[in-house]
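Numbering that gives the first Met the number 0 puts the sequence shown at residues 0 to 354.
A virtual CB, placed ideally from N, CA and C, is assigned to each residue, including glycine.
Scroll down for the structure; my scribbles are underneath it.
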Amino acid sequence: MGTNQMRDEFCDRLREAGRALIDQAAPQDPLNQAEGVRYLIRLLRSASINTIEYSDPLYPQFINVLDPHLKCKIGADNPDNIYMSTKVSGKYRYRVSGTRGTVPLLTFGSKANRYHIDGTMASTGELHCDDIPVDADGRFGFIASKDRPESGAWLPLADDTTSIVGRQSFQDRSREIPAEVAIEVIGEEPRPAPLDSDRFARQLDLVTAFVRGTAQTFSKWTKMFMERPNELPDWGQDYFQQAGGDPTIFYIHGYWDLAEDEAWVIETEVPDCEYWNFVLQNWWMESLDHDRMNTYINNHTGKLNPDGTLTIVVSAKDPGFGNWISTGFHRQGTALLRWVKADHHLLPTCKVIKI
């Protein structure tokens with residue numbers, strides 16, 4: 000492929016991806032449209048980092064795929080998480096090792112990424128922190144491969160595995176120490192090679208396909224949630240697991256649409272679980288500006304009622320009761336309540352009131 004053709008096709012595909020902004024269901028006001036353009040730029044940046052810069056399974060390296068310094072936010076991202084990712088292949092064997100730190104939750108999953116094709120990210124193996132031995136010095140390690148090793152912890156890979164993803168979930172970042180994680184190929188001696196123009200052209204195709212596929216996938220989710228505004232129902236967990244969700248998490252997604260003098264009141268019992276949080280997002284399913292506003296809570300910051308139940312109040316101004324979550328200058332958007340490793344799964348009751 001010639002350079003001019005490569006450039007033109009890349010730009011044409013980006014233009015096609017941008018059609019998500021003019022979906023008739025998407026809000027067309029200046030704030031939401033500006034956020035939509037910014038969202039596409041963030042998707043492009045994330046895709047180029049993962050698909051071009053850190054794409055060789057013979058040179059794996061864990062990166063923070065939703066690096067907060069780069070403001071990457073995708074698909075109801077969790078403000079409490081570090082999202083780690085590295086490219087791998089089922090053809091090779093890998094050793095993952097590091098220091099455990101004190102972060103409460105650390106999980107790994109091998110995935111077959113099909114976001115650029117059909118918006119799915121199928122699980123090909125899962126490993127929870129409870130299944131990873133840690134020695135007296137706080138170090139851990141496991142093998143990632145198609146075949147089970149003779150001993151030790153194991154993360155299964157498959158023929159179509161494309162990546163290993165990890166989640167570190169914090170409850171109090173000011174006190175908890177993150178895990179440090181490294182990965183290496185076992186039994187291979189990769190050799191440097193020059194940039195291959197044909198391979199680079201295929202990578203560009205994957206970049207634009209990721210931007211288009213991701214934008215379409217989560218636009219589809221938002222439109223589904225809009226069918227039941229100001230509710231938090233169970234939409235079916237398989238739907239979210241197919242998109243790369245953690246199987247230990249019960250996902251309760253919703254859509255909110257509020258006037259300036261309205262509040263969305265969410266009430267629920269809290270199950271016995273390792274962790275929970277509630278996050279408010281914009282129409283594009285990006286978490287709102289939690290670094291500057293109170294747009295989410297978790298089991299560390301949330302205050303329970305005297306009877307042990309939880310009340311969350313979403314509104315533009317503080318209503319004076321419950322756990323107030325600011326709408327952050329938005330009139331509508333999406334939301335997610337997560338129960339992690341819960342003994343049972345509860346659905347909240349919801350109502351809209353005047354304040």
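Reduced DSSP category for residue i - H, G, I as helix; E, B as strand; rest coil
i: C10; result: helix
i: Y91; result: coil
i: M5; result: helix
i: N49; result: helix
i: G35; result: helix
i: T247; result: coil
i: S109; result: strand
i: S144; result: strand
i: P347; result: coil
i: M120; result: strand
i: R291; result: coil
i: E261; result: strand
i: F217; result: helix
Residues that DSSP places opposite residue i in a beta bridge
i: Y274; result: V339
i: Q331; result: D256
i: S162; result: K86, K110
i: V180; result: G97
i: T267; result: L309
i: Q280; result: S286, T333
i: V206; result: DSSP output for V206 lists no bridge partner at all.
Distance CB(residue i)-CB(residue j) smaller than 7 angstroms
i: V313; j: W255; result: yes
i: A157; j: F141; result: no
i: S47; j: V206; result: yes
Residue i, buried or exposed, once every other Cβ within 10 Å from all chains shown has been counted against 16
i: F139; result: buried
i: C10; result: exposed
i: A262; result: buried
i: P56; result: buried
i: A135; result: exposed
i: A178; result: buried
i: L105; result: buried
i: R291; result: exposed
i: G235; result: exposed
i: P29; result: exposed
i: N49; result: buried
Near the ligand NAP: residue i beta-carbon under 6 angstroms from a heavy atom
i: D136; result: The ligand content of the structure shown is nil, which means the ligand NAP is not present either.
Exercise for review: Pair every Cβ in the region 179 to 191 with every Cβ in the region 124 to 138, then say whether three or more of these pairs are closer than 8 angstroms.
Suggested key: no
**Study point:** Given 8 angstroms, three or more beta-carbon pairs between the region 294 to 305 and the region 237 to 247
**Key:** no
Check your understanding: Touch check for the region 227 to 234 and the region 100 to 112: three-plus C-beta pairs under 8 angstroms?
Key -> no
Review point. Does the region 161 to 174 come close enough to the region 84 to 94 to have 3 or more Cβ pairs within less than 8 angstroms?
Key: yes
Check your understanding: For the 8 angstroms Cβ check, are there 3 or more pairs between the region 56 to 63 and the region 26 to 41?
Key -> no
Review point. Do the region 265 to 283 and the region 333 to 352 touch if we need at least three Cβ pairs shorter than 8 angstroms?
Key: yes
Check your understanding: Touch check for the region 141 to 150 and the region 97 to 106: three-plus C-beta pairs under 8 angstroms?
Key -> no
Review point. Hey, is the region 330 to 337 in contact with the region 189 to 201, meaning 3+ C-beta pairs nearer than 8 angstroms?
Key: no
Check your understanding: Using 8 angstroms as the Cβ pair cut-off and three pairs as the minimum, do the region 206 to 222 and the region 302 to 311 touch?
Key -> no
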